[in-house]
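Visitor: Taken in order, these protein sequences are the chains called A and B. For the first sequence, the numbering used here begins at 1 and goes up steadily by one. For the second sequence, the numbering used here begins at 1 and goes up steadily by one. Backbone N, C-alpha and C define an ideal beta-carbon position, used for all residues, glycine too. Every value quoted in this text rests on a predicted model; they were computed, and no experiment measured them. Dropping the structure in here first, questions after.
2 protein chains.
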Amino acid sequence: MGQETDRVLAEVSTDVVIFTMREDRLCVLLVRRARDPFAGCWSLPGGMVGLDEALDAAARRMLASKTGVTGVYLEQLFTFGGIARDPRGRVISVAYYALVPPDRMPSVRVAPDVAWHDVWKLPTLAFDHADIIAMARQRLAAKLEYSTIALQLMPEKFTLSDLQTVYEHILGEPLDKRNFRKRLHSLGCLEPTGEHHRAGRHRPARLFRMKSPGRVEFIK
Amino acid sequence: MGQETDRVLAEVSTDVVIFTMREDRLCVLLVRRARDPFAGCWSLPGGMVGLDEALDAAARRMLASKTGVTGVYLEQLFTFGGIARDPRGRVISVAYYALVPPDRMPSVRVAPDVAWHDVWKLPTLAFDHADIIAMARQRLAAKLEYSTIALQLMPEKFTLSDLQTVYEHILGEPLDKRNFRKRLHSLGCLEPTGEHHRAGRHRPARLFRMKSPGRVEFIK
DNA sequence: TCAAAAGTGTTATTGGTACACCCATGC
DNA sequence: GCATGGGTGTACCAATAACACTTTTGA
Chain A
1 MGQETDRVLA
11 EVSTDVVIFT
21 MREDRLCVLL
31 VRRARDPFAG
41 CWSLPGGMVG
51 LDEALDAAAR
61 RMLASKTGVT
71 GVYLEQLFTF
81 GGIARDPRGR
91 VISVAYYALV
101 PPDRMPSVRV
111 APDVAWHDVW
121 KLPTLAFDHA
131 DIIAMARQRL
141 AAKLEYSTIA
151 LQLMPEKFTL
161 SDLQTVYEHI
171 LGEPLDKRNF
181 RKRLHSLGCL
191 EPTGEHHRAG
201 RHRPARLFRM
211 KSPGRVEFIK
Chain B
1 MGQETDRVLA
11 EVSTDVVIFT
21 MREDRLCVLL
31 VRRARDPFAG
41 CWSLPGGMVG
51 LDEALDAAAR
61 RMLASKTGVT
71 GVYLEQLFTF
81 GGIARDPRGR
91 VISVAYYALV
101 PPDRMPSVRV
111 APDVAWHDVW
121 KLPTLAFDHA
131 DIIAMARQRL
141 AAKLEYSTIA
151 LQLMPEKFTL
161 SDLQTVYEHI
171 LGEPLDKRNF
181 RKRLHSLGCL
191 EPTGEHHRAG
201 RHRPARLFRM
211 KSPGRVEFIK
């Protein structure tokens, strides 16, 4: 921008890695491509950024068009600008990732060309979308260590075991139950609802909720 | 990218926050703008991305054109895409930051419209460049805590006091000398050159160098 | 009464922080 | 000999990691 040159125009798109928890698995929303290139392949939801549209607004638009969801956690991830990443020509993609609580997902909307995939068992992906998802998962895992971001993947009410499962599945390793509970309680951002959740022939679990839903705090 | 829409073309630029240490101060390279908008204002070096040029290649080109430096640490920072950030029209900027060791800077090259500015005492800046520099400084400060990135700002040989000064100036707070030295020695990425640096009427300081120059390690 | 998950504390280790004096040199 | 920055170790505190049993329920 500092020095003027010939004006070079490029296509700018956003791709959004939409995460949610389904059946104790971290899942990503993928769209099956109808046409070439990569026809039949799965890809991230994405599209061109409008001329009068901010980047994050474009990302939220992609999110809403595939899921109907608004107002969830969204963060810019990275901008992918390799010269050959789209065989049709130069396309620069500003990637975002979003965290959708499972109770915010309209359960029905299962278009045949849109599906959730376990982030650890992805199909072959179009473009460089496998790289984008890998980076998003790493970023999410890193943020578990120093923020309360995982709570953005929880429904309004949840048990501590549910939450531990989320941590374990994102990190890919088991955690000690007592240390985990001690740590979460000491954050002071959860409160018991007073209700209990019965889930089989064993002791019911206490339900918790966030004190400030939507707020992501940094710790340490 | 997933769904096809009308092709919207935008201008894509990169702006590069070029850091170096000069006289024990963390400095940023700024360019004085010759023309409107913001004529006379200081701004980051930057320019349009070529159609066949990767984003990081464009950033390295900006860096080389202002400083002549190649092969230094460069990292993508964030993509700024607000709709009104450039009054001439829609311009999306992929910001990078670079770390230049002071002995890599050709000392003379002081064009009248290019100058180093203390990062804590910046002039009024064009566009949203103040935001970009602030974010770069924060990112650098955060990385001091969990990586060896600060060594990328050091000349080939340096004293531990020099290095401590770098940390202190980036973080904006004094550090304990013994704790600092203990920590850096325990990283095991420095080795003494055997030489000493005489700098006044006091004990000469031991000179160190990196065992693997250019390598940035993550710690903890 | 049994199986299955919920819930709960203590101890050991580690890493971080605070802190004060002697050393080598140039003037 | 004195002023100046270089160089070193220890004691305390806090955070983390390891670890096992009791409780409540449904079948």
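In this structure, does DSSP put S65 (chain B) in helix, strand or coil?
Guide: Residue state, collapsed to three classes: helix.
Visitor: Suppose you measure from the CA of K143 (chain A) to the CA of I149 (chain A); what does that come to, to the nearest Å?
Guide: Near 7 Å, if we compare the C-alpha coordinates of I149 (chain A) and K143 (chain A).
Visitor: Within 6 Å: the Cβ of M48 (chain B) and any heavy atom of the ligand ATP?
Guide: Within the structure as shown, the ligand ATP is missing, as the structure has no ligands at all.
Visitor: Which partner residues does L144 (chain B) have in the DSSP bridge list?
Guide: According to DSSP, L144 (chain B) bridges with nothing at all.
Visitor: Compare the C-beta of A54 (chain B) against all C-beta atoms of chain A and say whether one is closer than 7 Å.
Guide: Yes, because at least one Cβ of chain A sits closer than 7 Å to the Cβ of A54 (chain B).
Visitor: In chain order, what residues of the same chain lie with their CB nearer than 8 Å to the CB of I219 (chain A), ignoring the 5 residues before and after it?
Guide: Excluding sequence neighbours, I219 (chain A) sits near Y146, S147, T148 and L187.
Visitor: Identify the continuous beta strand (DSSP E) that holds F80 (chain B) and give its terminal residues.
Guide: Element bounds for F80 (chain B): Y73 to F80.
Visitor: Can you find the residues in the same chain that come closer than 7 Å, C-beta to C-beta, to N179 (chain A), ignoring five residues on each side of it along the sequence?
Guide: Excluding residues within five positions, none has a Cβ falling inside 7 Å.
Visitor: One question on the structure: do P155 (chain B) and P106 (chain B) come within less than 7 Å of each other, judged by their Cβ atoms?
Guide: No, the pair does not count as a contact, with Cβ atoms beyond the cut-off.
Visitor: Do you know offhand how far L151 (chain A)'s Cα is from I18 (chain B)'s?
Guide: Those two C-alpha atoms are separated by around 37 Å.
Visitor: Indicate the three-state DSSP secondary structure (helix, strand or coil) for G2 (chain A) in the structure shown.
Guide: Low confidence applies here, because G2 (chain A) scores a pLDDT of 37, under 50, leaving its location unreliable and the question unanswered by this model.
Visitor: Beta-carbon of L9 (chain B) versus every beta-carbon of chain A: anything under 7 Å?
Guide: Yes, L9 (chain B) counts as interfacial toward chain A.
Visitor: I want to see whether chain A comes within less than 7 Å of G81 (chain B), judged by CB atoms only; does it?
Guide: Chain A contact via Cβ: present.
Visitor: Please tell me whether L44 (chain A) and H117 (chain A) are closer than 7 Å, where the distance is taken between their beta carbons.
Guide: In this structure, H117 (chain A) does not lie closer than 7 Å to L44 (chain A) by Cβ.
Visitor: For R90 (chain B), which residues of its own chain have a beta-carbon under 7 Å away from its beta-carbon, when the five flanking residues on both sides are left out?
Guide: For R90 (chain B), where only same-chain residues beyond five positions count, the Cβ hits under 7 Å are A10, E11 and I83.
Visitor: To the nearest angstrom, report how far apart L153 (chain A) and V100 (chain A) are at their CA atoms.
Guide: Roughly 6 Å between the two C-alpha positions.
Visitor: Are the C-beta atoms of L51 (chain B) and some chain A residue less than 7 Å apart?
Guide: Taking Cβ atoms only, chain A reaches closer than 7 Å to L51 (chain B), which makes this a yes.
Visitor: Exposed or buried, what is S212 (chain A) when buried is set at 16 or more other beta-carbons lying within 10 Å of its beta-carbon?
Guide: By the neighbour-count rule (16 or more Cβ atoms within 10 Å), S212 (chain A) is not buried but exposed.
Visitor: Quick check: what's the CA-CA separation for A141 (chain A) versus A34 (chain B)?
Guide: Near 45 Å, if we compare the C-alpha coordinates of A34 (chain B) and A141 (chain A).
Visitor: Return the Cβ separation of V69 (chain A) and T14 (chain A) in integer angstroms, given the expectation that the two are a contact with Cβ distance under 8 Å.
Guide: The pair is not a contact, with the Cβ atoms about 16 Å apart (cut-off 8 Å).
Visitor: Kindly say whether T5 (chain B), judged by its beta-carbon, lies nearer than 7 Å to any beta-carbon of chain A.
Guide: Caution is warranted here: a pLDDT of 46 is assigned to T5 (chain B), below 50, making its placement in the model unreliable, and the coordinate value is therefore given only provisionally. Yes, because at least one Cβ of chain A sits closer than 7 Å to the Cβ of T5 (chain B).
Visitor: Looking only at its chain, what residues have a beta carbon closer than 6 Å to the beta carbon of S93 (chain B), apart from the 5 residues adjacent to it on each side?
Guide: The residues are S13, D15 and F80.
Visitor: Any C-beta of chain B sitting closer than 7 Å to the C-beta of R139 (chain A)?
Guide: So, not an interface residue.
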